[in-house]
Amino acid sequence: MPLFKRVAVAAKLRCIVLLTLVIAWGFGVAVQAGAADYPFLGPAGAPATAFPKPDRPVASIISPIWHSEKERDAARETEQLVKLLKVISGMTVADIGAGSGFSTVRLSPIVGPTGRVIAQDITPAYLKGLVKRVNQLKLKNVTISLGEPHDPRLPAGSADLALLIHMYHEISDPYAFLHNLAPALKPGGRVGIIDARGDTSKHGTPLALLKCELAAVGYREIVVHSLKGSDAYLAVFSPPATNGRPQPADIKTCKQDS
Numbered sequence: 010m011p012l013f014k015r016v017a018v019a020a021k022l023r024c025i026v027l028l029t030l031v032i033a034w035g036f037g038v039a040v041q042a043g044a045a046d047y048p049f050l051g052p053a054g055a056p057a058t059a060f061p062k063p064d065r066p067v068a069s070i071i072s073p074i075w076h077s078e079k080e081r082d083a084a085r086e087t088e089q090l091v092k093l094l095k096v097i098s099g100m101t102v103a104d105i106g107a108g109s110g111f112s113t114v115r116l117s118p119i120v121g122p123t124g125r126v127i128a129q130d131i132t133p134a135y136l137k138g139l140v141k142r143v144n145q146l147k148l149k150n151v152t153i154s155l156g157e158p159h160d161p162r163l164p165a166g167s168a169d170l171a172l173l174i175h176m177y178h179e180i181s182d183p184y185a186f187l188h189n190l191a192p193a194l195k196p197g198g199r200v201g202i203i204d205a206r207g208d209t210s211k212h213g214t215p216l217a218l219l220k221c222e223l224a225a226v227g228y229r230e231i232v233v234h235s236l237k238g239s240d241a242y243l244a245v246f247s248p249p250a251t252n253g254r255p256q257p258a259d260i261k262t263c264k265q266d267s
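Reminder that position 71 of the sequence shown reads as 80 in my numbering, one-by-one numbering, no gaps.
Structural data, given as structure tokens:
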């Protein structure tokens with residue numbers, strides 16, 4: 010194929026991808042792309058190389074599922090989350106590390122037709138399964154998006170609430186991730202983190218460590234709740250203003266026993 014034709018075809022494909030993204034964001038149509046083609050909703054933030062690495066183990070991502078959905082429903086996890094965070098109709102909630110979509114599909118009817126759930130993950134295979142689930146349930150207010158390990162890649166000022174549910178211990182570059190997450194929150198927006206109290210190597214995050222790492226990036230603790238029916242907690246933080254974030258070189262790392 011002549012070079013000019015290849016360039017024209019590539020440009021056409023880029024336009025199709027951008028149009029698909031606009032439709033998905035504006036009208037809640039799940040993105041029907043190949044496994045490697047799920048879109049980033051927002052521009053790239055600061056690179057991971059600018060930030061210190063965590064001074065503690067990082068758990069591996071081994072499954073899109075955290076325990077069985079039956080067990081989590083029995084513990085009333087989503088019900089407690091919604092009540093404690095006052096999730097209401099019309100809100101935009103970013104479900105970061107959405108995995109199989111346990112929280113996504115339960116939050117969708119709560120935020121309603123005037124709200125939105127952004128279901129984000131860094132694993133295309135998980136997003137493929139989530140697209141299928143969202144389409145089967147005909148959830149029109151869910152947008153599927155791809156993120157990076159150090160950057161959720163969400164649009165600025167797009168979310169009232171960002172949820173990190175049973176996945177914080179799997180973030181390989183937490184300082185970069187938190188830095189890049191902050192601009193995605195609307196004024197008055199919050200970050201809610203649910204995790205078990207165990208060590209990060211055992212798929213939990215000690216509460217003192219969590220508080221230290223978020224404070225290091227400029228987040229302010231609002232409240233911490235113990236969740237009934239499990240050993241997990243819900244920690245709620247407000248993000249720093251975009252121009253109030255510490256410089257990457259000034260961030261001090263936290264230790265597991267801090």
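Note that the Cβ used here is the ideal one computed from N, Cα and C, for glycine as well.
Judging by CA-CA distance, which residue of the options is the nearest neighbour of residue i?
| i | options | result |
| --- | --- | --- |
| residue 143 | 108, 180 and 169 | 108 |
| residue 256 | 97, 55, 49 and 199 | 55 |
| residue 101 | 175, 155 and 167 | 167 |
| residue 265 | 209, 138 and 68 | 209 |
| residue 187 | 59, 47 and 48 | 59 |
| residue 261 | 247, 226 and 122 | 226 |
| residue 118 | 137, 93, 106 and 146 | 146 |
| residue 236 | 63, 93 and 65 | 93 |
| residue 95 | 122, 198 and 252 | 198 |
| residue 121 | 97, 139, 112 and 216 | 97 |
| residue 215 | 62, 50, 47 and 66 | 66 |
| residue 195 | 212, 163, 217 and 91 | 163 |
| residue 110 | 84, 64, 49 and 176 | 176 |
| residue 172 | 185, 207 and 191 | 191 |
Spell out whether any CB of chain C is found under 8 angstroms from the CB atom of residue i.
| i | result |
| --- | --- |
| residue 110 | As a matter of chain content, chain C is missing from the structure shown, which is built from one protein chain. |
Kindly give me the distance between the Cβ atoms of residue i and residue j, rounded to whole angstroms, as I take these residues to be in contact under 8 angstroms.
| i | j | result |
| --- | --- | --- |
| residue 234 | residue 223 | Incorrect: roughly 16 angstroms between the Cβ atoms, too far for contact. |
| residue 128 | residue 104 | 5 angstroms |
| residue 201 | residue 151 | Rounded, the Cβ-Cβ distance is 18 angstroms, inconsistent with contact. |
| residue 182 | residue 57 | 4 angstroms |
| residue 112 | residue 174 | 6 angstroms |
| residue 126 | residue 136 | No, residue 126 and residue 136 are not in contact; Cβ-Cβ is about 14 angstroms, not under 8 angstroms. |
| residue 159 | residue 193 | Not quite, the Cβ-Cβ distance comes to about 14 angstroms (not below 8 angstroms), so this is no contact. |
Give the range of the alpha helix (DSSP H) segment to which residue i is assigned.
| i | result |
| --- | --- |
| residue 258 | Looking at the DSSP string, residue 258 is not in any alpha helix (DSSP H), and its letter there is neither H nor E. |
| residue 92 | 86-94 |
| residue 220 | 216-225 |
| residue 78 | 78-83 |
| residue 119 | 111-120 |
How would you call residue i, buried or exposed, if buried means at least 16 neighbouring beta carbons within 10 angstroms?
| i | result |
| --- | --- |
| residue 124 | buried |
| residue 131 | buried |
| residue 252 | exposed |
| residue 169 | buried |
| residue 204 | buried |
| residue 229 | exposed |
| residue 254 | buried |
| residue 232 | exposed |
| residue 154 | buried |
For residue i, report the span of its beta strand (DSSP E) as first-last.
| i | result |
| --- | --- |
| residue 246 | 241-247 |
| residue 232 | 229-235 |
| residue 206 | Per DSSP, residue 206 belongs to no beta strand (DSSP E) and is neither H nor E. |
What are the partner residues of residue i, as DSSP defines its beta bridges?
| i | result |
| --- | --- |
| residue 105 | 129 and 173 |
| residue 160 | 157 |
| residue 67 | Partner(s): none; residue 67 has no beta bridge. |
| residue 199 | 170 |
| residue 151 | 126 |
| residue 194 | 168 |
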